[in-house]
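Only one structure is covered here, and it is reproduced in the block below.
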Amino acid sequence: MKKTNILIADDDIELCELLKVYLELEGMKVNLVHNGQNAINYCQNNSLDLLILDVMMPIKNGFDTLREIRRENNLPILMLTAKGDKIDRIVGLEMGADDYVAKPCDPRELTARIRAIVRRAVQINMTILTEKFLTIDDVSLNNNSRELKVKNISIELTSTEFDLLKLLMESLGQYVTRETISEKILGKRLQSFDRSIDMHISHLRKKLGLTANQQERIKTLRGNGYQFVSSQDAGARGSK
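In the numbering used here, each residue's number is its place in the sequence shown (first place is 1) plus 2.
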């Protein structure tokens, strides 16, 4: 069985070594770098299943590193943020991170997050898709290449954003609960005050733009979930 191949980018050498030992005991292959530029170089020259990226690093910080990697690579990225620092978490998610773990992190939680993210990616790659395109109005998802086009213009999505948008489009006109999104897309139970779903939705809204009727494509049912709507539905709602 192929080992999960991970890169940890963190300037805390002692923490990196401890995580490396723990994750390798869990059957993973772990590579280490200690600054953002080396993380970028490694991702450009190697095939990885997941990148664990610290926010505070020398030469190039985690946010700049994330931004540069996301220009060319949809590799799943898990951010390490300071405990209690919600701003770092929100910024990371807005820039395209798939998930985050607060430092100091529990190795068991980190392992569970890694496995959930990698499991989703493997399942997607192994699924035989019966329909290549999923299209609603001028929004089209290519299930094979995992590409999004809006008004025939290609839009870059992270892996998590693509999975979330696909779930919402497949449930056209129906609300998808936050619990369902957390379990199916993020691979974890919904936690109180977790803003990650909100950030992914916000990012998708910016990328999708408005319908022809100048309405949001993703509606919010406060406290419950989200709904993807067609321009016809959006127009009907807007006219009420």
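The beta carbon of each residue, even a glycine, is placed where N, CA and C say it ideally should be.
For the alpha helix (DSSP H) that contains residue i, what are its first and last residues?
i, result
"Gln46", "38-47"
"Ser101", "The amino acid occupying residue 101 in the given sequence is Asp; Ser does not appear at that position. No alpha helix (DSSP H) holds Asp101; the beta strand (DSSP E) holding it covers 101-105."
"Leu170", "161-172"
"Lys22", "15-27"
Of the choices the options, whose alpha-carbon is the least far from that of residue i?
i, options, result
"Ile71", "Arg117, Met97, Met59, Phe135", "Met97"
"Asn2", "Pro78, Gly94, Lys221, Asn226", "With the chain covering only 3 through 242, there is no way to say anything about residue 2."
"Leu50", "Asp56, Ala41, Met58", "Ala41"
"Leu21", "Arg110, Pro78, Ile61, Asn43", "Arg110"
"Met30", "Gly38, Ala114, Asp90, Arg73", "Ala114"
"Gln39", "Ile54, Ala11, Asp140, Lys4", "Ala11"
"Cys45", "Tyr24, Met58, Leu68", "Leu68"
"Gln176", "Ser161, Lys221, Ser142", "Lys221"
"His36", "Glu149, Gln193, Leu27, Asp56", "Asp56"
"Leu192", "Leu159, Leu17, Asn226, Leu174", "Asn226"
"Asp66", "Glu28, Leu34, Ala99, Pro78", "Ala99"
"Thr179", "Arg117, Leu223, Glu16", "Leu223"
"Asp13", "Pro78, Leu82, Asn76", "Leu82"
"Glu16", "Leu77, Pro78, Pro106", "Pro106"
"Ile116", "Ile155, Pro78, Cys18", "Pro78"
"Leu150", "Ser194, Asn76, Asn43", "Asn76"
"Tyr228", "Glu181, Lys5, Ser147", "Glu181"
"Glu163", "Asn215, Ile155, Lys186", "Lys186"
"Arg197", "Val103, Ser147, Lys4", "Val103"
"Lys5", "Asn154, Met58, Arg121, Asn43", "Arg121"
"Asn146", "Lys134, Asn154, Ile155", "Lys134"
Using DSSP bridges, identify the partner residues of residue i.
i, result
"Val152", "Val141, Ile155"
"Ala114", "None; Ala114 has no bridge partner."
Residue i and residue j look like a contact to me (Cβ under 8 angstroms); what is the Cβ gap, rounded to whole Å?
i, j, result
"Leu166", "Leu136", "That pair is no contact at about 13 angstroms."
"Leu210", "Val152", "6 angstroms"
"Met171", "Ile92", "Actually they are not in contact, since the Cβ atoms of Met171 and Ile92 sit about 25 angstroms apart, beyond 8 angstroms."
"Ser232", "Ile138", "6 angstroms"
"Ile119", "Asp101", "6 angstroms"
"Leu9", "Leu53", "5 angstroms"
"Leu188", "Lys168", "Not confirmed; about 14 angstroms, so no contact."
"Arg73", "Val141", "Going by Cβ atoms, the distance from Arg73 to Val141 rounds to 23 angstroms, so no, they are not a contact pair."
"Phe230", "Ser173", "7 angstroms"
"Ile199", "Ile183", "5 angstroms"
Taking the beta strand (DSSP E) that residue i belongs to, which residues open and close that run?
i, result
"Val32", "31-35"
"Asn7", "7-11"
List in chain order: all unbroken beta strand (DSSP E) runs of 3+ residues lying wholly within the stretch 176-228.
220-223
Sequence ranges, beta strand (DSSP E) only - wholly within the stretch 47-95, length at least 3:
52-56, 79-84
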